[in-house]
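The letter at position 130 of the sequence shown is residue 121 when you use the working numbering, and the numbering goes up by one with no holes. Ideal placement from N, C-alpha and C gives every residue a C-beta, glycine not left out. The block underneath contains the structure these notes are about, expressed in structure tokens.
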Amino acid sequence: MSESDVADTLAPPPHAEHIVLPDGEAFIWSPHRGIVVQRATGRLSLPMAQFFTSFFRRLLAQGLRLQIFIDLDGLTDYTREAREYLNQFTIENLAGLEGSHFLLSSKVVALVVGSFKHVVNEPTVNTYFDRASFRESYDRAVAAVAASRP
């Protein structure tokens, strides 16, 4: 974990699920009921996409609607197979998606997310190019979850 992660409360906690692949690394965890955080670096490949969807399937099977915060700041590339697989998975599971928030830095990855938003025709896909705005959206989602508890 880098020094910037120490101050970043969206850094992967010790209990986050984690995968290391030859061309990338990913973490995923649910810090609050109905909220999922993902972080990916390197290249988004089909095995990485399957790692993410395996986590989502378990939560969706519980009937949860999810707010997803996806930190792709360190992602530089993707494979066509991963993109198609995630598009199809999302289309099939739109009922469980309350919103998705993407933190981006790569222009290549930004094009993929733009295409994703068009393909899934989902107005709740949000993109951010700065960590502060991404974090503000996350904080609002956490506050909404806390306010909805009896």
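Residue span of the beta strand (DSSP E) that contains residue i, given as start and end
| i | result |
| --- | --- |
| Pro22 | 15 to 23 |
| Leu57 | 57 to 69 |
| His6 | Here His6 belongs to no beta strand (DSSP E), and DSSP marks it neither H nor E. |
| Leu35 | 26 to 35 |
For residue i, the three-state DSSP class (helix, strand or coil)
| i | result |
| --- | --- |
| Thr115 | coil |
| Gly54 | coil |
| Leu94 | strand |
| Leu12 | strand |
| Glu77 | In the sequence under discussion, the amino acid at residue 77 is Leu, which differs from the Glu named in the question. DSSP places Leu77 in helix when its eight states are reduced to three. |
| Leu85 | helix |
| Leu102 | helix |
| Ser(-5) | Summary for Ser(-5): the model assigns pLDDT 47, below 50, so the residue's position carries little reliability; its value from the coordinates is reported in the next sentence. Helix. |
Short Cβ contact (7 Å threshold) for residue i with residue j
| i | j | result |
| --- | --- | --- |
| Ser97 | Thr70 | no |
| Ile61 | Gln29 | yes |
| His92 | Ser128 | yes |
| Thr118 | Leu95 | yes |
| Val104 | Ile59 | no |
| Thr44 | Phe80 | yes |
Extent of the continuous alpha helix (DSSP H) run through residue i
| i | result |
| --- | --- |
| Ser124 | 122 to 139 |
Residue from the options with nearest C-alpha to residue i
| i | options | result |
| --- | --- | --- |
| Ala137 | Gly25, Asp62, Arg30 | Gly25 |
| Arg74 | Gly90, Pro3, His6, Ser106 | Ser106 |
| Asp14 | His6, Gly65, Phe120 | Gly65 |
| Asp36 | Val103, Glu72, Pro22 | Going by the sequence as given, residue 36 is Ser instead of Asp. The shortest C-alpha separation from Ser36 is found at Glu72. |
| Pro3 | Ile10, Leu12, Val11, Phe18 | Phe18 |
| Ala134 | Asn117, Gly54, His23 | His23 |
| Gly54 | Arg34, Arg140, Glu89 | Glu89 |
| Phe120 | Arg49, Val100, Ile10 | Val100 |
Proximal residues to residue i (C-beta, below 8 Å), its chain only, five neighbours per side dropped
| i | result |
| --- | --- |
| Val110 | Asn78, Ile82 |
| Leu51 | Leu57, Asn84, Gly87 |
Contacting residues, own chain, Cβ-Cβ under 6 Å from residue i (five flanking each side not counted)
| i | result |
| --- | --- |
| Phe47 | none |
Own chain, CB closer than 7 Å to residue i, minus 5 neighbours either side, in chain order
| i | result |
| --- | --- |
| Thr32 | Gly15, Glu16, Gly65, Leu66 |
| Leu12 | Ser36, Pro38, Met39 |
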